[in-house]
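Sequence order for the protein chains is X and V.
Here UniProt numbering is used: position 147 in the first sequence is 147, and no number is missing along the way.
Here UniProt numbering is used: position 299 in the second sequence is 299, and no number is missing along the way.
For each residue, glycine too, the CB sits at the ideal point set by N, CA and C.
2 protein chains.
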Amino acid sequence: MIPAKVKIVEVGPRDGLQNEKEFVSTETKIELVDRLADAGLQKVEATSFVSPKWVPQMADGAAVMAGIARREGTIYSVLTPNMRGFEGALEARADEVVIFGAASEAFSQKNINCSIAESIARFEPVAKAAKDAGVRLRASISCALGCPYQGEVPVASVVDVVERMAALGCDEIDIADTIGVGTAKRTREVLAAASKVFPRERLSGHFHDTYGQAVANIYAALLEGIEIFHASVAGLGGCPYAKGATGNVATEDVVYLMNGLGIETGVDLGKLIEIGDFISRAIGKPSASRAGKALLAKQRDGVGACV
Amino acid sequence: MIPAKVKIVEVGPRDGLQNEKEFVSTETKIELVDRLADAGLQKVEATSFVSPKWVPQMADGAAVMAGIARREGTIYSVLTPNMRGFEGALEARADEVVIFGAASEAFSQKNINCSIAESIARFEPVAKAAKDAGVRLRASISCALGCPYQGEVPVASVVDVVERMAALGCDEIDIADTIGVGTAKRTREVLAAASKVFPRERLSGHFHDTYGQAVANIYAALLEGIEIFHASVAGLGGCPYAKGATGNVATEDVVYLMNGLGIETGVDLGKLIEIGDFISRAIGKPSASRAGKALLAKQRDGVGACV
Numbered sequence: 001m002i003p004a005k006v007k008i009v010e011v012g013p014r015d016g017l018q019n020e021k022e023f024v025s026t027e028t029k030i031e032l033v034d035r036l037a038d039a040g041l042q043k044v045e046a047t048s049f050v051s052p053k054w055v056p057q058m059a060d061g062a063a064v065m066a067g068i069a070r071r072e073g074t075i076y077s078v079l080t081p082n083m084r085g086f087e088g089a090l091e092a093r094a095d096e097v098v099i100f101g102a103a104s105e106a107f108s109q110k111n112i113n114c115s116i117a118e119s120i121a122r123f124e125p126v127a128k129a130a131k132d133a134g135v136r137l138r139a140s141i142s143c144a145l146g147c148p149y150q151g152e153v154p155v156a157s158v159v160d161v162v163e164r165m166a167a168l169g170c171d172e173i174d175i176a177d178t179i180g181v182g183t184a185k186r187t188r189e190v191l192a193a194a195s196k197v198f199p200r201e202r203l204s205g206h207f208h209d210t211y212g213q214a215v216a217n218i219y220a221a222l223l224e225g226i227e228i229f230h231a232s233v234a235g236l237g238g239c240p241y242a243k244g245a246t247g248n249v250a251t252e253d254v255v256y257l258m259n260g261l262g263i264e265t266g267v268d269l270g271k272l273i274e275i276g277d278f279i280s281r282a283i284g285k286p287s288a289s290r291a292g293k294a295l296l297a298k299q300r301d302g303v304g305a306c307v
Numbered sequence: 001m002i003p004a005k006v007k008i009v010e011v012g013p014r015d016g017l018q019n020e021k022e023f024v025s026t027e028t029k030i031e032l033v034d035r036l037a038d039a040g041l042q043k044v045e046a047t048s049f050v051s052p053k054w055v056p057q058m059a060d061g062a063a064v065m066a067g068i069a070r071r072e073g074t075i076y077s078v079l080t081p082n083m084r085g086f087e088g089a090l091e092a093r094a095d096e097v098v099i100f101g102a103a104s105e106a107f108s109q110k111n112i113n114c115s116i117a118e119s120i121a122r123f124e125p126v127a128k129a130a131k132d133a134g135v136r137l138r139a140s141i142s143c144a145l146g147c148p149y150q151g152e153v154p155v156a157s158v159v160d161v162v163e164r165m166a167a168l169g170c171d172e173i174d175i176a177d178t179i180g181v182g183t184a185k186r187t188r189e190v191l192a193a194a195s196k197v198f199p200r201e202r203l204s205g206h207f208h209d210t211y212g213q214a215v216a217n218i219y220a221a222l223l224e225g226i227e228i229f230h231a232s233v234a235g236l237g238g239c240p241y242a243k244g245a246t247g248n249v250a251t252e253d254v255v256y257l258m259n260g261l262g263i264e265t266g267v268d269l270g271k272l273i274e275i276g277d278f279i280s281r282a283i284g285k286p287s288a289s290r291a292g293k294a295l296l297a298k299q300r301d302g303v304g305a306c307v
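Here it is, written out as structure tokens:
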């Protein structure tokens, strides 16, 4: 049942960096994206085309896209909240645009002041334009395993959003545990249900490690046959609402898991460790990757981890 | 297959604190053990009876055991490397003594300068004395999923050590990934093999989170029917050989997992979070528990984790 091969989508440059308070230079972002592609990540979420008023860190999206060295076969995706964003993405020659919606009604109301259904309907023009332009369309469904406002999110709500996103023509749909509250059981239930209404091989798991569950949830998702996983190098991401809490699962930890399971990723873990070190130094924060820290210590000290 | 109920063995006071450089006061240790028992942990590894030359942090083992308020039904276990340790444990009225051995020949040679078989044979007097005194006997098998010196540890080596420990009359045997290198596949293979030579319900999983795999390995072990797990509140433990690397899996993260899976632990997660905060402040280090940090932030800030 466990796949022989998975695709890891690197979201560090966008989801990871977007909440950094200090502006990360365009040069650093370009180097980050290029090195990730070089390390074998088949898809890199490179930036957002979103109003700089909302996300100042992503204000240089066009410059990042213009500066990167396009690697043959790598998909560079960007977040596009609206038609203006889509036009920017098209001009920047993004390979894939990402639209989004929450599976939680309370979250949708609280954050964008409209229902889930309305929020998704607003993406219709973007979806249509992407299809017309022959650009890949991906949808990210947030709060799929729990919501900070309503708590429990019914599996049926996730399935409903998957169906709405599928109807827009999405090529790939992300089931995202944005707040990291999910555990293995719920992960399997939600993914099994989503697989019934959308091709399993085009569903991805996006897990945050806020409660320490992300790697276990990825293993649980593998047992459900999921083949695409999101991760963020050095665990970039953090959480603006909970100091000290962890954000995205670290790519290093995910690749370490896959290597241990004998699952092919195409990613060079050695290069990845170096990239995690590079970006952690660049933003002046310790890496949140456990495998990354342990492997760096092993290189440095010889013996390896603790005994 | 997954058990309805598990026992969590809290190892923070011993395995967690033993490598702390600053001496943790006896009073703090006693409070830690008592609060853990009060939070519902059915077994607490309270201290070691080991030469203070080797482990100065555990020099107050007798005082800790004398000072704790024995809770009805809680098993207080102590590490006993030899007969002198055993006598101390007996005098201190320990409910369980713990002997140990590595599954890695290279580790055994390097650390205690003898073969695995010899190292286990040395425990014969302790095992016999424990049986004679009616004290529970537990064995901990280190390097069961990998070794810092030889790397790969054959499954057959683990099985061999399990058999030797079983022959000594052990009531419970711990399969310990001391250096945290194991992933879910190896975890399942080793536990499945060990279950063939020792009753599954008396095997426990002891995982370190050095490479971020511990919670996933626990989930994998549950799928193999394992019912006993070790954990350390606040992830106490660290690693003396790899700065920044993580040690024991945090009890909070494990209880959070079990709650999500609907598996009964008897542990009050709210109390546990408070204990993690207490001991982290006492030793002046941030908690390594992701669930602990997230839940504390949620209590403090209201909304909860990041969105």
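Check your understanding: Where do the N-terminal and C-terminal ends of the beta strand (DSSP E) with residue 76 of chain V fall, by residue?
Key -> Counting from 1 along the second sequence, the entry for residue 76 of chain V is found at position 76. Residue 76 of chain V -> beta strand (DSSP E) spans 75-79.
Exercise for review: State the DSSP-derived secondary structure class of residue 277 of chain X, mapped to helix, strand or coil.
Suggested key: Indexing the first sequence from 1 puts residue 277 of chain X at position 277. Of the three classes helix, strand and coil, the one that applies to residue 277 of chain X here is helix, per DSSP.
Check your understanding: Out of curiosity, what's the CA-to-CA distance linking residue 5 of chain V and residue 264 of chain V?
Key -> The residue you call residue 5 of chain V lines up with position 5 of the second sequence. The residue you call residue 264 of chain V lines up with position 264 of the second sequence. Roughly 4 Å separates the two Cα atoms.
**Study point:** Assigned exposure category for residue 114 of chain V - 16 Cβ within 10 Å defines buried
**Key:** For the purposes of this step, residue 114 of chain V is taken as the residue at position 114 of the second sequence. When all chains shown are included, residue 114 of chain V counts as exposed.
**Study point:** Contacts that residue 186 of chain X makes with chain V (C-beta to C-beta distance below 7 Å)
**Key:** Taking the first sequence and counting its residues from 1, one reaches residue 186 of chain X at position 186. Within chain V, the residues near residue 186 of chain X are 260.
Check your understanding: the region 193-223 of chain X: which residues have C-beta closer than 9 Å to a C-beta of chain V, in chain order?
Key -> 208, 209, 210, 211, 212, 213, 214, 215, 216, 217, 218, 219, 220, 222 and 223
Review point. What is the DSSP secondary structure of residue 293 of chain V, reduced to helix, strand or coil?
Key: Translated into the one-based positions of the second sequence, residue 293 of chain V becomes position 293. Three-state DSSP puts residue 293 of chain V in a helix.
Point to revise | Expected contact under 8 Å - CB spacing of residue 226 of chain X and residue 205 of chain X to nearest Å | key: Numbered from its first residue, the first sequence carries residue 226 of chain X at position 226. Numbered from its first residue, the first sequence carries residue 205 of chain X at position 205. 5 Å between Cβ atoms; contact.
Exercise for review: Check residue 224 of chain V in the structure and name its three-state DSSP category.
Suggested key: Taking the second sequence and counting its residues from 1, one reaches residue 224 of chain V at position 224. The answer is coil: DSSP assigns residue 224 of chain V none of H, G, I, E or B.
Check your understanding: Which chain X residues sit within Cβ distance under 8 Å of residue 309 of chain V?
Key -> Given that chain V is displayed from residue 1 to residue 307, the structure contains no residue 309 of chain V and the question cannot be resolved.
Practice item. Mind checking the region 122-133 of chain X against chain V and listing, in chain order, the residues whose C-beta falls within less than 8 Å of any C-beta there? Key: none
Practice item. Taking C-beta pairs closer than 8 Å, name the residues in chain X that residue 253 of chain V reaches, listed in chain order. Key: For the purposes of this step, residue 253 of chain V is identified with residue 253 of the second sequence, where counting begins at 1. Going along chain X in sequence order, the residues near residue 253 of chain V (Cβ under 8 Å) are 211, 212 and 213.
**Study point:** Cβ-based neighbour list, residue 125 of chain V, same chain, cut-off 7 Å, excluding 5 preceding and 5 following
**Key:** Here the question's residue 125 of chain V lines up with position 125 in the second sequence. Excluding positions up to five away in sequence, the list reads 83.
Practice item. Report the option in V:120, V:57, V:58 and V:91 whose CA atom is closest to the CA atom of residue 66 of chain V. Key: Counting from 1 along the second sequence, the entry for residue 66 of chain V is found at position 66. Nearest of V:120, V:57, V:58 and V:91 to residue 66 of chain V, Cα basis: V:91.
Exercise for review: Look at the Cβ atom of residue 246 of chain X, then the Cβ atom of residue 290 of chain V, and state whether they are nearer than 7 Å.
Suggested key: If you number the first sequence from 1, residue 246 of chain X lands on position 246. If you number the second sequence from 1, residue 290 of chain V lands on position 290. It is a contact, given that the beta carbons lie within the stated cut-off.
Review point. Of all the CB atoms in chain V, is at least one closer than 7 Å to the CB of residue 144 of chain X?
Key: For the purposes of this step, residue 144 of chain X is identified with residue 144 of the first sequence, where counting begins at 1. Residue 144 of chain X does not count as touching chain V.
Check your understanding: If we count Cβ pairs, one from each stretch, closer than 8 Å, do we get three or more for the region 132-147 of chain X versus the region 95-115 of chain X?
Key -> As far as the Cβ criterion goes, the region 132-147 of chain X touches the region 95-115 of chain X, which means the pair count is three or higher.
Review point. Is residue 167 of chain X closer than 7 Å to residue 235 of chain X when the C-beta atoms are compared?
Key: Locating residue 235 of chain X in the first sequence gives position 235, where the first residue counts as 1. Locating residue 167 of chain X in the first sequence gives position 167, where the first residue counts as 1. The answer is no: Cβ separation not under 7 Å.
Check your understanding: So which residues on chain X does residue 281 of chain V lean against when the C-beta distance must stay under 7 Å?
Key -> Position 281 of the second sequence, counted from the first residue, corresponds to residue 281 of chain V. Under the 7 Å cutoff, chain X gives no residues; its nearest Cβ is about 14 Å from residue 281 of chain V.
Check your understanding: Looking at the unbroken beta strand (DSSP E) that takes in residue 43 of chain V, where does it start and where does it end?
Key -> Taking the second sequence and counting its residues from 1, one reaches residue 43 of chain V at position 43. Unbroken beta strand (DSSP E) run through residue 43 of chain V: 43-48.
Exercise for review: Alpha carbon to alpha carbon, how far is residue 249 of chain X from residue 71 of chain X? Give it in angstroms, no decimals.
Suggested key: For the purposes of this step, residue 71 of chain X is taken as the residue at position 71 of the first sequence. For the purposes of this step, residue 249 of chain X is taken as the residue at position 249 of the first sequence. Approximately 25 Å, taken between the alpha carbons.
Review point. By the criterion of Cβ-Cβ separation under 8 Å, what are the contact partners of residue 140 of chain X in chain V?
Key: In the first sequence, residue 140 of chain X corresponds to position 140, counting from 1. Per Cβ cutoff of 8 Å: no residues; residue 140 of chain X is ~13 Å from chain V at best.
Check your understanding: residue 291 of chain X touches chain V at which residues, Cβ-Cβ below 7 Å?
Key -> Numbered from its first residue, the first sequence carries residue 291 of chain X at position 291. Residue 291 of chain X reaches chain V at 211 and 212, counting residues in chain order whose Cβ is nearer than 7 Å.
Practice item. Report yes or no: is there a C-beta of chain X within less than 7 Å of the C-beta of residue 294 of chain V? Key: What you label residue 294 of chain V is simply residue 294 of the second sequence in a count that begins at 1. When Cβ-Cβ separations below 7 Å define contact, residue 294 of chain V makes contact with chain X.
Exercise for review: Taking 7 Å as the cut-off, decide whether the C-beta atoms of residue 103 of chain V and residue 143 of chain V are in contact.
Suggested key: Indexing the second sequence from 1 puts residue 103 of chain V at position 103. Indexing the second sequence from 1 puts residue 143 of chain V at position 143. Yes.
Point to revise | Residue range of the unbroken alpha helix (DSSP H) whose run includes residue 133 of chain X | key: Position 133 of the first sequence, counted from the start, is the residue given in the question as residue 133 of chain X. Element bounds for residue 133 of chain X: 124-133.
Point to revise | Per-residue contacts from residue 246 of chain X into chain V (C-beta, under 7 Å) | key: Taking the first residue of the first sequence as position 1, residue 246 of chain X is located at position 246. Going along chain V in sequence order, the residues near residue 246 of chain X (Cβ under 7 Å) are 290.
Practice item. Along the alpha helix (DSSP H) that carries residue 233 of chain V, what are the first and last residues, could you check? Key: Translated into the one-based positions of the second sequence, residue 233 of chain V becomes position 233. First-last for residue 233 of chain V: undefined, no H or E at that position.
Practice item. Look at the Cβ atom of residue 74 of chain V, then the Cβ atom of residue 58 of chain V, and state whether they are nearer than 7 Å. Key: Numbered from 1 along the second sequence, position 74 holds the residue referred to as residue 74 of chain V. Numbered from 1 along the second sequence, position 58 holds the residue referred to as residue 58 of chain V. No, they are not a contact pair.
Point to revise | Reference residue 223 of chain X, options X:210, X:230, X:209 and X:200, closest by Cα | key: For this step, residue 223 of chain X is matched to residue 223 along the first sequence. Minimum Cα distance to residue 223 of chain X is reached at X:200.
Check your understanding: With a Cβ-Cβ cutoff of 7 Å, do residue 279 of chain V and residue 32 of chain V count as a contact?
Key -> Here residue 279 of chain V refers to the residue found at position 279 when the second sequence is read from its first residue. Here residue 32 of chain V refers to the residue found at position 32 when the second sequence is read from its first residue. Cβ atoms of residue 279 of chain V and residue 32 of chain V: closer than 7 Å.
Review point. Buried or exposed: residue 18 of chain X, going by 16 or more other Cβ atoms within 10 Å of its Cβ?
Key: To locate residue 18 of chain X, count along the first sequence from 1; it is residue 18. With 16 or more Cβ atoms within 10 Å of its Cβ, residue 18 of chain X is classed as buried.
Check your understanding: Going by alpha carbons, who is nearest to residue 14 of chain V out of V:260, V:49 and V:117?
Key -> Here residue 14 of chain V corresponds to residue number 14 of the second sequence, with the count starting at 1. The candidate whose alpha carbon is nearest that of residue 14 of chain V is V:49.
Review point. Under a three-way DSSP split, which group does residue 171 of chain X fall into?
Key: Position 171 of the first sequence, counted from the first residue, corresponds to residue 171 of chain X. It is coil, neither helix nor strand.
Review point. Of the residues X:16, X:93 and X:274, which one's Cα is nearest the Cα of residue 68 of chain X?
Key: Within the first sequence, residue 68 of chain X is the residue found at index 68, counting from 1. Checked all of X:16, X:93 and X:274; the closest Cα to residue 68 of chain X is X:93.
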